[in-house]
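Participant: The structure follows.
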Amino acid sequence: MNTDATTNAPAHVAIHSLSLSQRLIAGGLALMLGLLLLGGAGFAGDYRLHNGAHDTRHAMGFPCH
Amino acid sequence: MFRNLFFAAVLAALCAGLLTSAIQHFRVTPLILHAESFEGAGHSHGEEAVVHEHADGTSHVHEDAAAATTAGHDHGGDWAPQDGFERTAYTVLANLLVAAGFALVLGAVSMLAGLPITFANGLVWGAAGFVVFSLAPAYGLPPELPGMPAGDLMARQIWWIATAVMTGAALLLLAKTRAGWAFAVAALLIIAPHVIGAPAAPEEASAVPAHLATAFAANTLGTAAVFWAVLGLVFGRLNDLFADRTATQYAGKGALA
Numbered sequence: 003m004n005t006d007a008t009t010n011a012p013a014h015v016a017i018h019s020l021s022l023s024q025r026l027i028a029g030g031l032a033l034m035l036g037l038l039l040l041g042g043a044g045f046a047g048d049y050r051l052h053n054g055a056h057d058t059r060h061a062m063g064f065p066c067h
Numbered sequence: 020m021f022r023n024l025f026f027a028a029v030l031a032a033l034c035a036g037l038l039t040s041a042i043q044h045f046r047v048t049p050l051i052l053h054a055e056s057f058e059g060a061g062h063s064h065g066e067e068a069v070v071h072e073h074a075d076g077t078s079h080v081h082e083d084a085a086a087a088t089t090a091g092h093d094h095g096g097d098w099a100p101q102d103g104f105e106r107t108a109y110t111v112l113a114n115l116l117v118a119a120g121f122a123l124v125l126g127a128v129s130m131l132a133g134l135p136i137t138f139a140n141g142l143v144w145g146a147a148g149f150v151v152f153s154l155a156p157a158y159g160l161p162p163e164l165p166g167m168p169a170g171d172l173m174a175r176q177i178w179w180i181a182t183a184v185m186t187g188a189a190l191l192l193l194a195k196t197r198a199g200w201a202f203a204v205a206a207l208l209i210i211a212p213h214v215i216g217a218p219a220a221p222e223e224a225s226a227v228p229a230h231l232a233t234a235f236a237a238n239t240l241g242t243a244a245v246f247w248a249v250l251g252l253v254f255g256r257l258n259d260l261f262a263d264r265t266a267t268q269y270a271g272k273g274a275l276a
């Protein structure tokens with residue numbers, strides 16, 4: 003995977019044309035939002051979230067009750 | 020840039036989440052419903068406590084029965100979606116949210132580590148996601164049906180998250196470098212949670228027949244494999260598309276912002 007970094011065109015242009023701070027901001031935001039969604043749907047103890055997402059938790063392999 | 024990442028992640032999640040919901044509806048949810056039928060008194064979706072009528076006309080609520088109901092299957096609180104359309108709708112919604120969550124985490128790792136997700140390597144990203152978030156946790160905590168005995172919830176959640184983080188770190192390390200020490204560290208990270216061991220289920224008989232449980236484990240992992248493959252490929256394809264478009268825009272403006 004580390005060897006093809008220069009061979010494959012478009013998305014590389016996207017990521018490699020970004021400055022480090024831009025990557026940190028975009029990546030940080032995406033990480034926080036992603037973890038928030040996973041925490042709410044997959045892990046939160048609130049019974050409404052649990053009951054609403056019940057079948058998803060079982061089907062996606064999250065620990066559930 | 021966050022906008023591109025966000026849109027690619029959400030669209031990929033929509034595709035993977037909807038397809039997964041369809042497969043789940045036919046292959047996974049029926050097993051959950053079937054398993055719930057064996058929970059019997061142990062399953063509380065907010066049923067009322069057992070009221071006992073005595074011959075003398077007095078009646079009282081059997082507190083112990085009510086307590087047992089809640090303990091058997093902790094759905095605490097009153098609200099739960101109605102079986103049927105409402106329950107399915109909530110499951111699809113939750114699937115989409117989980118899919119978006121996974122896609123954003125994948126995109127964030129790609130962004131932070133400087134490893135692009137493309138159509139060409141999308142399947143590799145998908146396979147990594149499958150190993151990190153489905154296979155490795157399932158190796159210690161097999162996909163569990165309602166009514167199966169299980170260890171402490173909080174302990175299992177912590178083990179699940181730790182396993183995913185450590186396995187993910189291992190794969191990321193190998194994606195960045197193939198030095199000898201990296202293989203050693205990666206192997207250690209992958210094996211450690213399983214040597215420590217997941218919180219064990221209590222030694223008690225399961226109310227759920229074994230054939231349901233095995234079918235459930237196989238079907239959830241199979242569905243997860245499809246989910247991750249689609250997520251990785253669509254995510255990569257969209258990244259390629261957006262990057263193409265952005266590159267064209269920037270070339271037109273002669274600027275790189």
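Same order as they appear, the protein sequences are chains B and Y. If you use this note's numbering, the first sequence corresponds to residues 3 to 67, in order. If you use this note's numbering, the second sequence corresponds to residues 20 to 276, in order. Every residue, glycine too, gets a C-beta built ideally from N, C-alpha and C.
1) Under 8 Å, do Y/Ala-188 and Y/Leu-207 count as touching if we go by C-beta distance?
2) Secondary structure at Y/Trp-98, three-state DSSP: helix, strand or coil?
3) Taking the alpha helix (DSSP H) that Y/Glu-58 falls in, what are its first and last residues?
4) Just to confirm the assignment: which complete alpha helix (DSSP H) runs, minimum length 4, are found wholly within the stretch 149–195 of chain Y?
5) Is B/His-67 helix, strand or coil when you go by DSSP?
6) Given Y/Val-29, which residues of its chain have a CB within under 6 Å of its CB, disregarding the five upstream and five downstream residues?
7) Identify whether B/Gly-36 lies in helix, strand or coil by the three-state DSSP scheme.
8) Does the Cβ of Y/Phe-45 have 16 or more other Cβ atoms within 10 Å, making it buried, or fewer, making it exposed?
9) Using beta carbons (cut-off 8 Å, strictly below), is B/Ala-90 in contact with chain Y?
10) Using beta carbons (cut-off 8 Å, strictly below), is Y/Pro-228 in contact with chain B?
11) Does the beta carbon of Y/Leu-250 come closer than 8 Å to any beta carbon on chain B?
12) Give the range of the alpha helix (DSSP H) segment to which B/Arg-59 is assigned.
13) Taking 8 Å as the threshold (C-beta atoms), are Y/Met-185 and Y/Pro-212 in contact?
14) So is B/Ala-28 in contact with chain Y if we call contact Cβ pairs under 8 Å?
15) Within 8 Å (strictly less), CB to CB, does B/Ala-55 reach chain Y?
16) Work out the CA separation of B/Arg-25 and Y/Leu-123 for me, nearest whole Å.
17) For Y/Ser-40, collect the residues of the same chain with a Cβ closer than 6 Å to its Cβ; drop the 5 residues on either side in sequence, then sort them by chain order.
Facilitator: With the given structure in hand:
1) By 1-based counting over the second sequence, the position of residue 188 of chain Y is 169. By 1-based counting over the second sequence, the position of residue 207 of chain Y is 188. Cβ atoms of Y/Ala-188 and Y/Leu-207: not closer than 8 Å.
2) Mapped onto the second sequence, residue 98 of chain Y falls at position 79. Here Y/Trp-98 sits in coil by DSSP.
3) Numbered from its first residue, the second sequence carries residue 58 of chain Y at position 39. For Y/Glu-58, the uninterrupted alpha helix (DSSP H) segment begins and ends at 48–58.
4) Restricted to the stretch 149–195 of chain Y, the alpha helix (DSSP H) segments that are unbroken, complete and at least 4 residues in length are 155–159 and 172–195, listed in chain order.
5) Position 65 of the first sequence, counted from the first residue, corresponds to residue 67 of chain B. Three-state result, B/His-67: coil.
6) Translated into positions along the second sequence, residue 29 of chain Y becomes position 10. In its chain, beyond the 5 residues on either side, Ala-119 have a beta carbon closer than 6 Å to the beta carbon of Y/Val-29.
7) Numbered from its first residue, the first sequence carries residue 36 of chain B at position 34. DSSP places B/Gly-36 in helix when its eight states are reduced to three.
8) Looking up residue 45 of chain Y in the second sequence gives position 26. Exposed: under 16 other Cβ atoms inside 10 Å.
9) Given that chain B is displayed from residue 3 to residue 67, the structure contains no residue 90 of chain B and the question cannot be resolved.
10) Working through the second sequence from its first residue, we reach residue 228 of chain Y at position 209. Taking Cβ atoms only, chain B never reaches closer than 8 Å to Y/Pro-228, which makes this a no.
11) Along the second sequence, read from residue 1 onward, the residue named residue 250 of chain Y stands at position 231. With 8 Å as the cut-off, Y/Leu-250 does not count as an interface residue toward chain B.
12) Reading the first sequence from its first residue, position 57 is the one you call residue 59 of chain B. It spans 56–61 - the alpha helix (DSSP H) in which B/Arg-59 sits, taken as one unbroken run.
13) Position 193 of the second sequence, counted from the first residue, corresponds to residue 212 of chain Y. Position 166 of the second sequence, counted from the first residue, corresponds to residue 185 of chain Y. In this structure, Y/Met-185 lies closer than 8 Å to Y/Pro-212 by Cβ.
14) Numbered from 1 along the first sequence, position 26 holds the residue referred to as residue 28 of chain B. It does: the Cβ of B/Ala-28 has a partner Cβ on chain Y nearer than 8 Å.
15) Residue 55 of chain B sits at position 53 when you count from the first residue of the first sequence. In terms of beta-carbon proximity, B/Ala-55 lines the interface with chain Y, with at least one pair separated by less than 8 Å.
16) Counted from its first residue, the second sequence places residue 123 of chain Y at position 104. Counted from its first residue, the first sequence places residue 25 of chain B at position 23. Answer to the nearest angstrom: the Cα atoms are 14 Å apart.
17) Numbered from its first residue, the second sequence carries residue 40 of chain Y at position 21. Excluding sequence neighbours, Y/Ser-40 sits near Val-111 and Asn-114.
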